[in-house]
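In the working numbering, the protein residues as written are 5 to 443. Glycine included, C-beta positions come from ideal geometry on N, C-alpha and C. Step one of this worksheet: look at the structure below.
Structure follows, in structure tokens:
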């Protein structure tokens, strides 16, 4: 037997994909469906030959799909030159990033699943590895829509792509939620940053902490990037790319004072730093979710919105017209699953989405697709036998397997917040916007 894995094909176009040809050489398994309908997501098992008396470099496969009613085609190709890889050849169609006739690699994941997403329509296709400026590139389509009528991808605990100092009971395995820094998350397409400030040795960091409520153990966690680094990253990004970036700032604690919640003076210090963010968006609108994307970033503008979700009694009165908003100005509903089981996470988040967002004008919905470590998981992570990022891989496979198939023109998330953010999440969100977002 050879190496096996899978590829998931997600059709976010209005066209049925019809298989027009299929060939393979020395592949044990290379069989794609005859057609894939709009709004469908299909997983195909693949097994390489790796015959005993032959070189694996001879293994290959090619399947071509035609977008029905058009001349557009693409090929899924298996190649084994220096290593196994799957790749896409664009036969007559182009995306915002790739030109006609381009070939790009999807990689290969043994015993896992890789993703290919294609969405949009003629002269406006999006795909896996979308453009960095995906909002502006799709502004003709997305610009007239309100935030309540589009989906935005986001990073759960965004500052934890880099791990620094913290408590003795933790390491990067049980605190790191992202596999890259904030600047790279933005480049990959994230536009909603979950920022959780912590005061540590009088310095403001992002952090990932929780109270174990176990005697002798207490609060455990680690620091991520500093708040200054986050500000610099956002400023660099919005200086180059004219996009909307939203920071949700919450869970503020002071480790120097026994991990109590940050008080007004400490929040004022943090907000004073956040005034260094460029392109802060200022409006008197009572509900930002009812503003159109064009109102934020049309005319070659960037926009940064800071949503503050602080402890009761914390006020923003000292920072009028600064682009800082209490959470009721961008109201959303969400449900934290708090489970380490990807099946439970999937069931809870999809059920909640269907309950709370039954039509496009219903609640602004944040779908939080992140697994939580149990106490046993945290101990294993301390021994480096598992990690939040490896758990995120499992959760993300279920995300691609289940979310798109459960979306419709009446039901879809407005914010998709994940661990282990990648360009695949951006592509999935674009597919939701292309096929289901409300004009």
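Around the beta carbon of residue 107, fewer than 16 other beta carbons sit within 10 angstroms, so the residue counts as exposed. The shortest C-alpha to C-alpha distance from residue 339 to any of 351, 127, 443 and 333 is the one to 351.
Just measuring C-alpha positions, the residue of 97, 80 and 85 sitting nearest residue 91 is 80. Given a length threshold of 4 residues, each whole run of the alpha helix (DSSP H) inside the region 257-342 is given here in chain order: 268-278 and 297-301. In this structure the region 256-266 does not touch the region 153-169; the number of beta carbon pairs closer than 8 Å is below three. Counting other Cβ atoms within 10 Å of its Cβ, residue 220 stays below 16 and is therefore classed as exposed.
The three-state secondary structure of residue 355, taken from DSSP, is helix. For the pair of segments examined, the region 32-46 was found not to touch the region 161-175: the number of CB pairs separated by less than 8 Å stays below three.
Annotated three-state conformation of residue 240 is helix, per DSSP. Counting other Cβ atoms within 10 Å of its Cβ, residue 261 stays below 16 and is therefore classed as exposed. When C-beta atoms of the region 237-253 are compared with those of the region 274-285, three or more pairs fall below 8 Å, so the two segments count as touching. Closest in alpha carbon position to residue 212, among 275, 388 and 377, is 377. Residue 410 carries a helical assignment under DSSP once its states are collapsed to helix, strand and coil.
Straight across, the Cα-Cα distance linking residue 335 with residue 96 is about 43 Å. Non-local C-beta neighbours of residue 94 in its own chain, meaning closer than 7 Å and more than five positions away in sequence, comprise 78, 102, 104, 105 and 106, ordered along the chain. Of all C-beta pairs linking the region 297-307 to the region 226-239, fewer than three are shorter than 8 Å, placing the two stretches out of contact. Distance from residue 231 to residue 209 at the Cβ level is roughly 7 Å; contact confirmed, criterion being Cβ atoms closer than 8 Å. Ranked by Cα distance from residue 371, the first of 395, 413, 419 and 386 is 419. Following the DSSP letters along the chain, one finds residue 95 inside the beta strand (DSSP E) bounded by residues 88-95. Membership of residue 433 in the alpha helix (DSSP H) is indicated by the continuous run 427-439.
Taking the C-beta atoms as reference points, residue 381 is found no nearer than 8 Å to residue 345.
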